[in-house]
Amino acid sequence: MIISKWPAAAVCGLVATLAVGLFPPAAAAAADEPTGKPAPKVDLVLDVSGSMRTRDIDGQSRMAAAKQAFNEVLDAVPQEVELGIRTLGADYPGKDTKVGCKDTKQLYPVGPLDRTEAKTAVATLAPTGWTPIGPALLGAADDLEGDGDATRRIVLITDGEDTCAPLDPCEVAREIAAKGIHLTIDTLGLVPDDKTRRQLTCIAEATGGTFTSVQHTDELSRRVTQLVDRAADPVVTPVATEGAARCADAPRIKPGLYSDREKFSEHRWYRVDVLPGQELRASVSVGADRAVNPDYGVLLRAVTVHGREIVRGSEAGDGRTDVISSGLRYPKPPLDNEDEVKPAAETVCLQVSNAFSAPASVKTTPGLPVELTVDLVDSPDEPSDLAAFGLGRGWWLLGTLALTGLVAGLLWGWLSRLRLVWRSN
2 MIISKWPAAA
12 VCGLVATLAV
22 GLFPPAAAAA
32 ADEPTGKPAP
42 KVDLVLDVSG
52 SMRTRDIDGQ
62 SRMAAAKQAF
72 NEVLDAVPQE
82 VELGIRTLGA
92 DYPGKDTKVG
102 CKDTKQLYPV
112 GPLDRTEAKT
122 AVATLAPTGW
132 TPIGPALLGA
142 ADDLEGDGDA
152 TRRIVLITDG
162 EDTCAPLDPC
172 EVAREIAAKG
182 IHLTIDTLGL
192 VPDDKTRRQL
202 TCIAEATGGT
212 FTSVQHTDEL
222 SRRVTQLVDR
232 AADPVVTPVA
242 TEGAARCADA
252 PRIKPGLYSD
262 REKFSEHRWY
272 RVDVLPGQEL
282 RASVSVGADR
292 AVNPDYGVLL
302 RAVTVHGREI
312 VRGSEAGDGR
322 TDVISSGLRY
332 PKPPLDNEDE
342 VKPAAETVCL
352 QVSNAFSAPA
362 SVKTTPGLPV
372 ELTVDLVDSP
382 DEPSDLAAFG
392 LGRGWWLLGT
402 LALTGLVAGL
412 LWGWLSRLRL
422 VWRSN
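Taking my numbering, I'd label the letters of the sequence shown as residues 2 to 426.
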């Protein structure tokens with residue numbers, strides 16, 4: 002009996018050790034502590050214009066389908082998300098354009114969600130008036146003001162295009178994006194026609210959002226729920242920065258994701274410090290958030306502070322595009338003298354240029370959206386690609402090619418001569 006107890010005690014001790022290792026008290030306590038991150042915010046913008054009376058979604062009106070979907074969405078909102086509801090066209094049934102184009106209001110304020118109160122507010126809505134999408138987007142952007150680092154998302158649900166020109170909702174979306182507040186607008190069109198689809202796509206593309214065409218109630222509920230969940234679990238948020246016209250005035254940036262706006266055919270500069278033994282990896286994407294001419298290109302260059310080009314990456318195309326990207330790598334060799342305590346960093350200037358142009362009817366302001374990714378990793382000791390030799394460093398590649406050509410020529414000549422002798426005999 003005494004001998005049989007020892008294995009049991011050993012097993013218990015092993016389990017206890019694993020439990021402490023896998024779930025340390027410090028980690029458990031840290032899990033209970035608040036992260037300190039601001040709560041993600043979502044504003045649902047619902048079209049309540051007169052056309053929402055149309056009965057073409059699963060045998061019911063568009064308004065009824067929207068209400069049903071909203072009830073399902075509100076039940077599924079994550080606890081950490083602060084949600085609000087804004088309407089457009091809900092109150093004024095008249096024909097006065099000035100009044101109708103101001104018909105947008107905050108139905109439920111952005112904040113911690115009371116599901117019963119929000120559902121009650123939605124239940125009172127009835128299709129009424131105009132479709133002031135531009136003013137509604139401006140109002141929703143104001144609804145979401147607050148913590149600068151919070152994830153902010155507008156979800157626009159409408160069945161028609163804006164009726165309050167000349168306040169173009171595409172231009173409104175671009176102005177919102179140009180503020181650098183990282184507010185994304187997603188659009189959903191209820192049985193949209195071609196004009197509505199084009200306008201809602203333009204609004205979404207201006208802020209990096211998505212457009213979805215909805216034909217059924219379950220599609221609407223599922224898609225809005227996905228977008229709200231996406232706000233609760235966002236991807237990395239870019240840091241707003243502003244490049245300079247020359248390297249000497251450029252902002253000094255660290256590894257991360259950055260957003261900017263660049264005018265058509267403009268050059269913008271940024272600076273990165275690279276230590277010996279590090280490899281700079283950078284990529285840039287320029288979005289075409291409006292109609293552009295068919296030929297375009299993007300250039301990313303790494304240049305010394307004295308103007309000597311180190312390496313470049315470029316991409317060009319023609320036809321319709323949403324985004325065009327390019328990248329580069331610059332490995333900086335380690336110092337020969339490893340006894341140096343603090344090696345000096347090399348300042349590398351990154352130049353982002355675009356070759357976009359647009360028809361005369363297209364506004365060129367604000368500039369095109371730019372995303373710049375910068376990373377610094379350990380420089381490879383023995384790079385395996387041919388770029389390790391470097392075309393500018395040497396004769397390695399040229400010598401290899403010459404030797405290969407010589408050997409191939411001698412071998413081919415010998416085989417040809419052998420074949421000729423064989424035929425003669």
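Where a beta carbon is used, it is the ideal one built from N, C-alpha and C, also for glycine.
Closest by C-alpha distance to residue i, when choosing among the options
{"i": "S354", "options": "R262, D379 and D150", "result": "R262"}
{"i": "E267", "options": "D194, V273, D274 and R247", "result": "R247"}
{"i": "T55", "options": "L191, P41 and R253", "result": "L191"}
{"i": "I155", "options": "R313, L84, V312 and Q200", "result": "L84"}
{"i": "R253", "options": "V237, T405, A122 and V273", "result": "V273"}
{"i": "S380", "options": "A303, G410, R282 and R309", "result": "R282"}
{"i": "V378", "options": "V111, K333, L421 and V349", "result": "K333"}
{"i": "L75", "options": "D92, P94 and D44", "result": "D44"}
{"i": "D150", "options": "L373, A207, R175 and H183", "result": "H183"}
{"i": "G140", "options": "P167, T164 and K106", "result": "K106"}
{"i": "P277", "options": "V293, S62, V349 and R269", "result": "V349"}
{"i": "P239", "options": "K343, R223, P256 and Q227", "result": "P256"}
{"i": "D115", "options": "A91, K99, V82 and A292", "result": "V82"}
{"i": "L108", "options": "K96, D97, D92 and K99", "result": "D92"}
{"i": "I58", "options": "P193, H217, K103 and L407", "result": "H217"}
{"i": "A179", "options": "R198, R424 and E206", "result": "E206"}
As assigned by DSSP and simplified to three states, the class of residue i
{"i": "L369", "result": "strand"}
{"i": "L23", "result": "Residue placement at L23 is poorly supported in this model, since its pLDDT is 36, which falls under 50; the coordinates still yield a value, given next. DSSP places L23 in helix when its eight states are reduced to three."}
{"i": "R309", "result": "coil"}
{"i": "Q69", "result": "helix"}
{"i": "G85", "result": "strand"}
{"i": "S425", "result": "helix"}
{"i": "A205", "result": "helix"}
{"i": "F390", "result": "The predicted position of F390 is uncertain, since its pLDDT is 42 and thus under 50; a value taken from the coordinates is nonetheless stated next. If DSSP states are grouped into helix, strand and coil, F390 belongs with coil."}
{"i": "C248", "result": "helix"}
{"i": "R253", "result": "strand"}
{"i": "V225", "result": "helix"}
{"i": "W131", "result": "coil"}
{"i": "P170", "result": "helix"}
{"i": "L412", "result": "helix"}
{"i": "R321", "result": "coil"}
{"i": "G406", "result": "helix"}
{"i": "V375", "result": "strand"}
{"i": "D44", "result": "strand"}
{"i": "R63", "result": "helix"}
{"i": "E176", "result": "helix"}
{"i": "R198", "result": "helix"}
{"i": "V304", "result": "strand"}
{"i": "D337", "result": "coil"}
{"i": "A32", "result": "Unreliable placement is indicated for A32, whose pLDDT of 37 sits below 50; no coordinate value is reported for it."}
{"i": "V299", "result": "strand"}
{"i": "R420", "result": "helix"}
{"i": "T291", "result": "The residue you asked about is not Thr; residue 291 is Arg in the sequence shown. In the structure shown, R291 sits in coil (DSSP, three-state: anything other than H, G, I, E or B)."}
Sub-8 Å separation of residue i and residue j beta-carbons
{"i": "A137", "j": "L89", "result": "yes"}
{"i": "S326", "j": "S358", "result": "no"}
{"i": "L145", "j": "K68", "result": "no"}
{"i": "I311", "j": "Y331", "result": "yes"}
{"i": "A232", "j": "T152", "result": "yes"}
{"i": "L201", "j": "T185", "result": "no"}
{"i": "A122", "j": "I86", "result": "yes"}
{"i": "D169", "j": "G135", "result": "yes"}
{"i": "D48", "j": "T132", "result": "yes"}
{"i": "G51", "j": "G130", "result": "yes"}
{"i": "D230", "j": "P39", "result": "no"}
{"i": "L351", "j": "P344", "result": "no"}
{"i": "A77", "j": "L221", "result": "no"}
{"i": "G320", "j": "P295", "result": "yes"}
{"i": "V363", "j": "A292", "result": "yes"}
N-terminal and C-terminal residue of the beta strand (DSSP E) that residue i is part of
{"i": "L216", "result": "Going by the sequence as given, residue 216 is Gln instead of Leu. Unbroken run through Q216: none, as it is neither H nor E."}
{"i": "D194", "result": "It is not in any beta strand (DSSP E) - D194 carries neither H nor E in the DSSP assignment."}
{"i": "T117", "result": "Segment R116 to A124 is the alpha helix (DSSP H) holding T117; no beta strand (DSSP E) there."}
{"i": "I325", "result": "V324 to P332"}
{"i": "P110", "result": "T105 to G112"}
{"i": "V350", "result": "Reading off the sequence, residue 350 comes out as Cys, not Val. Here the beta strand (DSSP E) through C350 covers E347 to N355."}
{"i": "L157", "result": "R153 to T159"}
{"i": "H268", "result": "H268 to V275"}
{"i": "G90", "result": "G90 -> no beta strand (DSSP E), and no H or E assigned at all."}
{"i": "E280", "result": "Q279 to G288"}
{"i": "L56", "result": "Residue 56 is actually Arg in this sequence, not Leu. Here the beta strand (DSSP E) through R56 covers R56 to I58."}
Unbroken alpha helix (DSSP H) run spanning residue i, endpoints
{"i": "K99", "result": "T98 to G101"}
Below-8 Å beta-carbon distance, residue i vs any chain D residue
{"i": "A245", "result": "Within the model displayed, chain D is absent; a lone protein chain is all it includes."}
Original post:
Three or more C-beta pairs closer than 8 Å, one from the stretch 149-161 and one from the stretch 116-126: is that the case here?
Top reply: Three or more Cβ pairs closer than 8 Å define a contact, and the stretch 149-161 falls short of that threshold against the stretch 116-126.
Subject >> Meets three-Cβ-pair contact criterion under 8 Å: the stretch 356-370 and the stretch 288-301 >> reply: Short answer: they touch.
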